[in-house]
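Below you'll find the structure, written out as C-alpha cells, and then a few comments.
Numbering (the UniProt record's numbering), first residue to last: 1 to 723.
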C-alpha cells in the first residue's frame, strides 16, 4: 500500500524534520525530491526514512499535502547514509550537508531548452570592420549571443545586428544535451613495468566492485595520472561513473587536455565558477548516469551519481580538500566513506601523502601501491641548502648569491627556472617610515598586503581592498610608505632587475584565477615563452615543464612559523612538491632551498631526500602529543560582532566544559585571528583519545547552553587551520 504520509528533510537547518500528507495519485519514495508548503512559502525537501529522522509526529488531520515531486531521480540510499555520516562526524546540521547534494536549483526544474546562434553563410547588407572580424572569429561556433560576443571580442549589439541581417540564425538546443562519449581504449599509452604492475592491480580492484581504499604513493614525475587512467578506463568499460577530485581549479585545463588525449572526449567539469546553465546540465547528467567521468573540486563529492564505480583524489595530501566554513568536512576522508557506502575503490594519489594516510596504509587499512621512480628514465633533482646566515642576500634583496648564479646559468643555457614563495602580493606589510603606522584590515586581525601589479592593499582573509594612499593616514607625511618583507611580486621585480632580458611570469591565485588563464600560462611555459616562473603553492602541483631545470625556494622557514600542528608536514609537502617540478625531462634538475635553520629536521630531510626518516620523526612527535592519527583534535569557535558578548559566551562555555579522562579541553582564549570579517573570535581546543566519543561529547556540551542571537558557534573536527 502506498504511503499516505512522509517525513521530509527540508533544506533549512532551523526547521528540523517535517511531516506531510501524500495526495492521492502522487508517487513518492525514500529519496524523492519534493516541493511542500510551509506557511505561505514553498520549500524543497527530500523524503527520508521516519526511523532515521525522529521528530514529534503531527496528527493526521493537521498534515498538509505535498505540492509535487520534482523531475529528478531520487537520492539513493547510500548517499542518504553518507549525508547522515557527514553530519554526525563533523557535527553539522543534516540540512546543510543535504544542500550540497541539491547543488543546482535550476537542475530541479525539469527539461529545458535554450536558444543558441550560428553563422548561416550569408553576408550583411553593410559590412563593417567589426562585423567582418566577428564573422571570421565565429566560423564553426555555436553559442548564446553573450558567449559569441566573448569569442569574437565584439559587443552583443554587433551580433544582434547580424541576427537581424540573417547572418546569424537561432538554433533551439536542449539544455541537457548529452556530453561527448569517452572511450576506454581511445589511445592506450605505453607504461613502464612499475606503472603496468600498479595499473593492473587498480583495474582488478575496479572490476571486483568492492570497497577498496588505495594509497597510490609515487614520486613526482612517476606517472601516477597515466596509471590511474587505466582504472578509469576499466570503470568506463563497465558503464560505471568516475569522479576525479583535483585540489585547484587552475589545474583543470592541463588535466582535461591529458584526459581528452587518452579517452577521446573531455570529462564533465564541476566547480564553483560554472555558469548556472553549465551547473544544471552537469548535475542532471550526473544524476541520470549519462555523465561518465566528472572532474571537480571538493563540492563534486556530494553530487547524486547514479552509478559511481571509482573515486580518485589527486594530490590527496592537499589542505584545500578541507573546507573551512559551512560544513567543515575533509573531502579526502569523506571520499573514502562514500566509496565504503557504495562499495567501490577509492584511490588517494600523492607524492607526499598525508601522515594520516600513510598510517592507514602501515596498519593495513589502506592498500599501498608504490611508483618509486620517474617515468622514462628522468632522474629526481639534486637538492642543496643555502644557509642564509652565511650566504646573505644583498640589502633589500631576498635571492642569495648561489641562487642568483644558478638563475644566470639557466638563462644562458636557455632553460627555465622556478622560484617558490608561498606569499601572494608584493609585500606582507606596509608601514610609514615616519611614524610607524601599519596598514591593518578594518575587519580582521591581519595586515593589508600590498599588490603592486593591481595597485591595491588587500586583506587575504575577508577580501577588503583599498587603494594605497599618497600620504600616511596617521601623520599625513607624503612619500613615506615602505614595503616590509617579500611577496612573489617583489621577488619578480628582483629577478627583472637582476636579469633584465628574462621573461618573468608571476603565478598565484590572483593571476591564474580561471582555468582559461591557467591554460594560457601552461601553453606559454611549454612554448618556452617564459624564462623564470615566480609563484606560490599553486606552482607546486601538477605542472610538467620538461625545460624547467632549476627550482629555488626563497624561504623554506616561512611555513614553520605559527605553531600549526601540521606545520612541519605541510612545509615538507610544499617544498618536496615544488622541488618535483625540476628535471622532469631529459635534462637533470637542481633545487636550491634558502633557509636560516638548516638543522631543522624537516629541512635536513628535504636535503637528504629522506622522506621516510622525516615521516618517522613526525610520527613519533604526533604520538607523543596525542595528535592525529593517534589522538583527535577539535576546535570550537565562538564569534560575535560584539567583543564583550563573544568573550562572555566563550567563558560560559568554558565554565561548563566536560570533565572526562579521555578528553582534554584547552581554553577559551582569543583565536590567533581574533577578528575575522568583522566578528570577534574565541576558541576552545579539544584533544581526545581515539576511543573517546568526541562528537557526542561536543553535541551534549553545546546543547546545554543558550546563547544570545548574535553569537555563532562553529565546530571544526580534525582542524587543518588553527587561525
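The beta-carbon is built from N, C-alpha and C at its ideal position, and this holds for glycine as well.
Model, not experiment: these values are computed from the prediction.
Item                                                                                                                                     : Value
Chain-order list of residues whose beta-carbon lies under 6 angstroms from that of residue 92 (same chain, five-residue window excluded) : 327
Rounded straight-line distance, which links the Cα of residue 115 to that of residue 1                                                   : Only weak support is given to the placement of residue 1: the predicted model assigns it a pLDDT of 38, under 50, and the question is left unresolved by the model.
Integer Cβ distance of residue 311 from residue 338, believed to fall under 8 angstroms                                                  : 7 angstroms
Simplified DSSP assignment, three categories, for residue 1                                                                              : For residue 1, the pLDDT reaches just 38, beneath the cut-off of 50, and the residue's location in the model is therefore unreliable, leaving the point undetermined.
Assigned secondary structure, residue 455 (DSSP; H/G/I helix, E/B strand, else coil)                                                     : coil
Three-state secondary structure assigned by DSSP to residue 66                                                                           : coil
Inside the stretch 160-243 only - alpha helix (DSSP H) runs reaching at least 4 residues                                                 : 193-208, 224-237
Three-state class that DSSP yields for residue 720 in the structure shown                                                                : coil
Helix, strand or coil at residue 420 according to DSSP, with G and I counted as helix                                                    : strand
Under 7 angstroms between C-beta atoms of residue 198 and residue 227                                                                    : yes
Continuous beta strand (DSSP E) stretch holding residue 368: start and end                                                               : 367-371
Beta-bridge partners of residue 349, as assigned by DSSP                                                                                 : 216, 314
Where residue 509 falls: helix, strand or coil (DSSP)                                                                                    : coil
For residue 113, the first and last residue of its enclosing beta strand (DSSP E)                                                        : 113-119
Paired residues, beta bridge with residue 689 - DSSP                                                                                     : 631
Cutoff 6 angstroms; reference residue 495; Cβ partners in own chain excluding five residues on either side                               : 504, 532
Of the residues 689, 448, 636, 634, the one placed nearest residue 661, counting alpha carbons only                                      : 689
CA-to-CA distance, residue 292 to residue 302, given in whole angstroms                                                                  : 16 angstroms
Enclosing alpha helix (DSSP H) for residue 558 [first to last residue]                                                                   : Here residue 558 belongs to no alpha helix (DSSP H), and DSSP marks it neither H nor E.
Residue from 599, 63, 453, 177 whose Cα sits closest to the Cα of residue 386                                                            : 599
Cβ-Cβ distance between residue 50 and residue 21 below 7 angstroms                                                                       : no
Short Cβ contact (7 angstroms threshold) for residue 629 with residue 356                                                                : yes
Contact under 7 angstroms by Cβ, residue 391 with residue 381                                                                            : no
Contact set for residue 712: own chain, Cβ-Cβ below 6 angstroms, skip 5 residues either direction                                        : 639
As assigned by DSSP and simplified to three states, the class of residue 359                                                             : helix
Residue of 476, 510, 273, 477 minimising C-alpha distance to residue 425                                                                 : 510
Residue interval of the alpha helix (DSSP H) (run including residue 578)                                                                 : 567-579
One or two residues paired with residue 440 in a DSSP bridge                                                                             : 447
C-alpha gap between residue 319 and residue 157, whole angstroms                                                                         : 45 angstroms
Cβ-heavy atom distance, residue 483 to the ligand NAD, below 6 angstroms                                                                 : Ligands are entirely absent from the displayed structure, and the ligand NAD is therefore not among its contents.
Beta-carbon separation (whole angstroms), residue 287 vs residue 35, contact threshold 8 angstroms                                       : Not a contact, Cβ separation roughly 17 angstroms.
C-alpha gap between residue 544 and residue 221, whole angstroms                                                                         : 8 angstroms
DSSP-derived helix/strand/coil call for residue 409                                                                                      : helix
Simplified DSSP state of residue 705, which is helix, strand or coil                                                                     : coil
Segment limits, beta strand (DSSP E) that includes residue 426                                                                           : Careful: residue 426 lies outside any beta strand (DSSP E) and carries neither H nor E.
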